[in-house]
Structure formats: structure tokens, C-alpha cells
Amino acid sequence: GMTAERDHLTHEAEKLRISLEALYSSEVTKDTTIKELEEVRLVSSKNVADLQGNICRITLEKDTLTQRIQDLEVTLADTKSSNETGIQNMESIMKTNQLQH
């Protein structure tokens, strides 16, 4: 009677101990997983921030280049215009010279 009862209780206690160990082990695993996920999240956030920084830098460079292109187009137009004026002046001088000779 008593021995069987004690053996039964010992067996039940052993099953409980094994269950508790498994539970503790899964808690440890969960904590580790949470830490790993947090690290992944931090790396992802940093990568996103780096990409956003790159996008900002590239956008600024693009705007600068666009402005430089526009400035060059204005310079080109001015140069063409003054060249045409110069050619017209030369032509009128040549005509004047021809009339004088």
C-alpha cells in the first residue's frame, strides 16, 4: 500500500520535474529568440536609415546636377546669341567696307 503510493507520487513528481525543465528550457529559448529578433530589428533599422541617407544624398546630387545643366544651357544660349550678334556686326562692317571701296 504505502510503497506503491510512494512510488506513484515519486513517479508523478519526476514527470512534473521534467515538465518544469522543458518549460524553463522553452522560456530560455524564447528569451534568446526575442534578443535575436531585437538585434535583427536594430540592423534593419540601421539599414533603412542608411538607405534613406543615401536617397537624400543622391537626390541632392541630382538637384545640383540639374541646376548645373540649367546654368550651362543659359550660358550656351547667351554664347550663341552673342556669337550671332558678333557675326551680324562683322557682316555689316564688311558691307560698309565694300561700299567705301
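The working numbering puts the sequence shown at residues 53 to 153.
Glycine included, every Cβ here is placed at the ideal spot set by N, Cα and C.
On a predicted model such as this, the values are computed, not experimentally measured, just so you know.
Check	Outcome
Reduced DSSP category for His-60 - H, G, I as helix; E, B as strand; rest coil	helix
Simplified DSSP assignment, three categories, for Gly-105	helix
Whole-angstrom distance between Gln-122 and Leu-112, CA atom to CA atom	15 Å
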